[in-house]
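Trainee:
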Ligand code: PEP
Ligand code: MN
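Numbering (the working numbering), first residue to last: 220 to 554.
Encoded structure:
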């Protein structure tokens with residue numbers, strides 16, 4: 220942390236800050252600048268509370284320098300994390316595509332879509348069995364029956380599966396039936412759920428909350444890692460938009476920002492950002508161009524009959540085209 224002194228701060232006021240830092244057990248390093256002095260706090264192992272300094276005479280600001288996300292951040296681990304399964308990796312240049320319906324609706328629906336997205340090159344099948352819906356009257360998902368269908372999809376197609384856990388009970392079931400646990404935007408700061416997901420043996424896809432700053436999102440990932448789960452994938456899915464031209468505003472800057480701050484893989488969900496199918500492919504292409512590690516995309520063979528998010532689900536033919544476009548955009552080729 221840097222304690223920035225007022226330009227008129229006296230030597231006694233600067234010395235009082237130095238004494239305060241030392242009394243807390245840290246090392247103080249005054250740094251005279253052109254106009255003012257800043258005092259650096261060194262040798263602190265954890266975060267320093269700025270409240271110690273803000274009401275001291277002559278102090279105008281306390282600026283945190285080191286990051287609060289210790290395990291997620293690059294300060295402790297410089298090289299990119301690769302999350303892997305037998306035969307598949309994401310991160311450090313390895314790219315994955317997860318695709319499928321918003322919700323698992325029936326065995327034939329799931330298998331039909333799974334065959335199509337697999338043929339197009341997707342490696343992971345998505346499909347919600349527990350749906351966090353805005354309205355309690357909307358389709359809430361098939362629950363355990365949906366998870367059984369996901370297991371069947373895995374057996375029939377060989378695709379890995381990802382599905383959302385909305386609470387501790389569904390988390391236990393998801394871990395039994397699926398390969399990746401999804402924590403949705405609405406639960407990004409459900410800290411008790413995060414702690415439980417941090418203790419499971421499966422990788423976790425952590426979506427960004429619709430109002431979350433990058434720091435809050437990375438701190439949510441820190442909960443997972445602090446409990447011992449190092450297989451964390453971040454997913455940008457857009458934040459609340461101004462106007463109704465999109466469902467959420469896809470924040471593509473998070474790709475380079477998260478890459479600078481964290482070693483974890485970051486993928487993008489253009490479907491929940493777009494909210495309408497004609498915008499999904501342009502957003503997906505932009506995300507690939509911005510350097511994401513993968514995509515999660517909603518696809519439905521009969522979107523007009525879909526029980527949730529039909530309007531943003533690609534037809535399988537549109538998904539085929541998008542996959543061809545992604546291949547041309549990725550300099551390292553297709554993984
Ligand atoms: C989903 O992926 O089905 C979903 C509900 O997404 P989000 O949590 O990003 O809204
Ligand atoms: Mn959806």
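Heads up, the beta-carbon is just placed ideally off N, CA and C, and yes, glycines get one too.
#1: Hey, which residues come within less than 5 Å of ligand 2, measuring from Cβ to any heavy atom, in chain order?
#2: Taking the alpha carbon of residue 250 as the point to measure from, which residue in 263, 220, 276 has its own alpha carbon closest?
#3: Round the Cβ separation of residue 405 and residue 351 to the nearest angstrom and send it over; I've been treating them as touching at under 8 Å.
#4: What are the boundary residues of the alpha helix (DSSP H) that residue 561 is part of?
#5: I'd like the span of the beta strand (DSSP E) that includes residue 345, first residue to last.
#6: Using the three-state DSSP reduction, which class does residue 426 fall into: helix, strand or coil?
#7: Verify the CB distance criterion: does residue 268 have a CB-CB separation below 8 Å to chain B?
#8: Compare the beta carbon distance of residue 233 and residue 277 with 8 Å and say whether it is the shorter of the two.
#9: Could you tell me if the beta carbon of residue 519 falls within a distance shorter than 7 Å of some heavy atom in ligand 1?
#10: Counting pairs of beta carbons, one from the region 322-335 and one from the region 287-295, are three or more of them closer than 8 Å?
#11: Give the single residue among 509, 403, 527 whose Cα lies nearest to the Cα of residue 439.
#12: Give a yes or no on contact between the region 311-322 and the region 505-520, applying the rule of three or more CB pairs nearer than 8 Å.
#13: According to the Cβ coordinates, are residue 417 and residue 437 closer than 8 Å?
#14: Run through DSSP, which three-state label would residue 408 get?
#15: Looking at the structure shown, is residue 313 part of a helix, part of a strand, or coil, going by DSSP?
#16: In this structure, what does DSSP give as the bridge partners for residue 291?
#17: Identify every run of the beta strand (DSSP E) within the region 221-280, keeping only runs that are complete inside it and at least 3 residues long; order them along the chain.
#18: Buried or exposed, going by whether 16 or more other CB atoms sit within 10 Å of the CB of residue 268?
#19: Taking Cβ positions, are residue 344 and residue 300 nearer each other than 8 Å?
#20: Count the other CB atoms, across all protein chains shown, that sit within 10 Å of the CB of residue 536; report buried if there are 16 or more and exposed otherwise.
#21: Beta carbon of residue 491: closer than 7 Å to some heavy atom of ligand 1?
#22: I need the DSSP call for residue 359, collapsed to helix, strand or coil.
#23: In whole angstroms, give me the CA-to-CA distance for residue 361 and residue 390.
#24: Indicate, with yes or no, if ligand 3 has a heavy atom lying under 7 Å from the CB of residue 434.
#25: If we ignore side chains and look at the alpha-carbon of each, how far apart do residue 501 and residue 539 end up?
#26: Just confirm the distance between the C-beta atoms of residue 247 and residue 237, as a whole number of angstroms; I'd bet it's less than 8 Å.
#27: State whether the region 453-470 contacts the region 480-494, with contact taken as three or more CB pairs (one from each stretch) at a distance under 8 Å.
#28: Once the 5 residues before and after residue 375 are set aside, which same chain residues still bring their CB inside 7 Å of it?
#29: Residue 419 to residue 506, Cα distance in whole Å?
#30: Could you please give me the residues that DSSP links to residue 511 through a beta bridge?
#31: Going by other Cβ atoms of all chains shown within 10 Å of its Cβ, with 16 needed for buried, is residue 387 buried or exposed?
#32: Can you name the residues that DSSP bridges to residue 304?
#33: Note the first and the last residue of the continuous beta strand (DSSP E) segment covering residue 537.
Mentor: Taking the definition as stated:
#1: 321, 528
#2: Start at 1 with the first residue of the chain shown, and residue 250 comes out as number 31. Here the closest residue by C-alpha is 220.
#3: Looking up residue 405 in the chain shown gives position 186. Looking up residue 351 in the chain shown gives position 132. Confirmed, Cβ separation roughly 5 Å.
#4: The chain is shown only over 220 to 554; residue 561 falls outside these bounds and no answer can be derived.
#5: Within the chain shown, numbered from 1, the residue matching residue 345 stands at position 126. Residues 343-345.
#6: Here the question's residue 426 lines up with position 207 in the chain shown. Strand, per DSSP.
#7: The question asks about chain B, but that chain is absent: this structure has only one protein chain.
#8: For the purposes of this step, residue 233 is taken as the residue at position 14 of the chain shown. For the purposes of this step, residue 277 is taken as the residue at position 58 of the chain shown. Result yes, Cβ atoms of residue 233 and residue 277 sit closer than 8 Å.
#9: Translated into positions along the chain shown, residue 519 becomes position 300. Residue 519 has its CB no nearer than 7 Å to any heavy atom of ligand 1.
#10: As far as the Cβ criterion goes, the region 322-335 does not touch the region 287-295, which means the pair count is below three.
#11: For this step, residue 439 is matched to residue 220 along the chain shown. Checking every option, the nearest Cα to that of residue 439 belongs to 403.
#12: yes
#13: Stepping through the chain shown from its first residue, residue 417 is reached at position 198. Stepping through the chain shown from its first residue, residue 437 is reached at position 218. Cβ distance not < 8 Å, so residue 417 and residue 437 don't count as in contact.
#14: Along the chain shown, read from residue 1 onward, the residue named residue 408 stands at position 189. Reduced to three states, the DSSP call for residue 408 is coil.
#15: Reading the chain shown from its first residue, position 94 is the one you call residue 313. Residue state, collapsed to three classes: strand.
#16: To locate residue 291, count along the chain shown from 1; it is residue 72. Residue 291 pairs with nothing; no bridge assigned.
#17: 221-224, 246-251, 256-261
#18: Translated into positions along the chain shown, residue 268 becomes position 49. Exposed, since its Cβ has fewer than 16 Cβ neighbours within 10 Å.
#19: Start at 1 with the first residue of the chain shown, and residue 344 comes out as number 125. Start at 1 with the first residue of the chain shown, and residue 300 comes out as number 81. Taking 8 Å as the Cβ cut-off, residue 344 and residue 300 do not qualify as a contacting pair.
#20: Taking the chain shown and counting its residues from 1, one reaches residue 536 at position 317. Exposed: under 16 other Cβ atoms inside 10 Å.
#21: Indexing the chain shown from 1 puts residue 491 at position 272. The answer is yes for residue 491.
#22: Along the chain shown, read from residue 1 onward, the residue named residue 359 stands at position 140. Here residue 359 sits in coil by DSSP.
#23: To locate residue 361, count along the chain shown from 1; it is residue 142. To locate residue 390, count along the chain shown from 1; it is residue 171. Computed Cα separation, rounded: 15 Å.
#24: In the structure on display, ligand 3 does not appear, and the ligands it does have are ligand 1 and ligand 2.
#25: One-based indexing of the chain shown puts residue 501 at position 282. One-based indexing of the chain shown puts residue 539 at position 320. So the two alpha carbons sit approximately 14 Å from each other.
#26: Looking up residue 247 in the chain shown gives position 28. Looking up residue 237 in the chain shown gives position 18. In this structure residue 247 touches residue 237 by the C-beta definition: roughly 4 Å separates them, less than 8 Å.
#27: yes
#28: For the purposes of this step, residue 375 is taken as residue 156 along the chain shown, with counting starting at 1. Cβ within range, chain order: 330.
#29: Sequence index remark: in the chain shown, residue 419 carries index 200 (1-based). Sequence index remark: in the chain shown, residue 506 carries index 287 (1-based). Whole-angstrom Cα-Cα distance: 29 Å.
#30: Here residue 511 is taken as the residue at index 292 of the chain shown, counted from 1. Answer by DSSP bridge pairing: none, since residue 511 is not bridged.
#31: Locating residue 387 in the chain shown gives position 168, counting from the first residue. So residue 387 counts as exposed.
#32: Here residue 304 corresponds to residue number 85 of the chain shown, with the count starting at 1. The partner list for residue 304 (beta bridge, DSSP) reads 307.
#33: Within the chain shown, residue 537 is the residue found at index 318, counting from 1. For residue 537, no beta strand (DSSP E) segment is defined; the enclosing uninterrupted segment is the alpha helix (DSSP H) at 535-548.
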